[in-house]
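Residue numbers (the working numbering): 203 to 447.
In what follows, a single structure is set out as structure tokens and then discussed.
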């Protein structure tokens with residue numbers, strides 16, 4: 203029996219986003235990010251605080267969550283012990299806005315967003331005299347971190363599956379920003395584990411959902427199993443993935 207590590211850098215908490223505005227029970231955290239809420243609230247036992255995330259607002263100021271594929275939220279039931287602190291153990295969402303709905307007499311005393319993503323070490327830095335370029339780079343880095351988890355996702359606000367085009371389309375730029383050696387090795391293990399007997403590498407790995415048609419059999423996605431080891435070699439001279447896969 204031969205052991206094979208599938209370990210990737212753990213997902214950790216990093217920045218904390220404080221609300222910059224509160225209007226009609228909607229907290230504006232000032233930055234779109236993959237996050238989890240940190241809540242403090244008071245209220246009688248059994249009262250509930252529901253936290254609904256969104257990346258966008260309608261002109262009316264209400265949440266616009268129409269492109270997020272579902273109505274996801276966090277919910278905390280109070281024990282009635284005073285000013286209670288709560289942080290979820292599971293489930294992150296891409297969001298900038300958090301709407302609070304309280305029932306049963308619950309009251310929020312504070313709410314903030316804790317930014318979470320892979321702890322892959324940063325290895326690159328960029329700055330120049332052009333402020334627009336610096337802002338673009340900052341925007342891209344936020345997007346990269348929001349989609350760097352145990353797999354590379356294409357968006358942090360929907361199903362969060364490991365769509366394989368991310369590994370070879372975004373991989374070259376990601377390598378300049380982060381040490382992704384172990385995360386890419388883990389991704390290759392996922393691809394190998396998901397490969398069918400006829401050789402097909404599906405569009406997502408791990409294949410938690412079996413799609414049909416082009417959403418399962420698209421060469422631009424499955425070809426990551428060939429392109430990723432080659433890109434890794436071109437970038438670093440590392441032959442490990444080429445030899446293994």
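C-beta atoms are modelled at their ideal positions from N, C-alpha and C, and glycine is treated no differently.
First and last residue of the uninterrupted alpha helix (DSSP H) at residue i
i	result
residue 445	442-446
residue 338	333-348
residue 396	383-396
residue 435	426-438
Spatial distance of residue i from residue j (CA atoms)
i	j	result
residue 391	residue 397	10 Å
residue 401	residue 433	21 Å
residue 267	residue 259	8 Å
residue 223	residue 231	7 Å
residue 417	residue 393	15 Å
residue 272	residue 321	28 Å
residue 352	residue 306	38 Å
residue 439	residue 314	43 Å
residue 333	residue 410	42 Å
residue 437	residue 447	17 Å
Under 9 Å between C-beta atoms of residue i and residue j
i	j	result
residue 511	residue 241	Since the first residue shown for the chain is 203 and the last is 447, residue 511 is missing from the structure and cannot be characterised.
residue 298	residue 220	no
residue 347	residue 270	no
residue 395	residue 407	yes
residue 243	residue 309	yes
residue 326	residue 379	yes
residue 301	residue 261	no
residue 376	residue 424	no
residue 295	residue 350	no
residue 209	residue 318	no
residue 363	residue 373	no
Beta strand (DSSP E) segment containing residue i, residue limits
i	result
residue 252	250-256
residue 233	228-244
residue 291	Where residue 291 is concerned, there is no enclosing beta strand (DSSP E), given that its DSSP letter is neither H nor E.
residue 377	Taken as a continuous stretch (DSSP letters only), residue 377 belongs to no beta strand (DSSP E), being part of the alpha helix (DSSP H) at 373-379.
residue 319	309-320
residue 213	213-219
Whole-number beta carbon distance between residue j and residue i, since they are thought to touch under 8 Å
i	j	result
residue 311	residue 285	6 Å
residue 211	residue 441	About 22 Å; that fails the 8 Å criterion.
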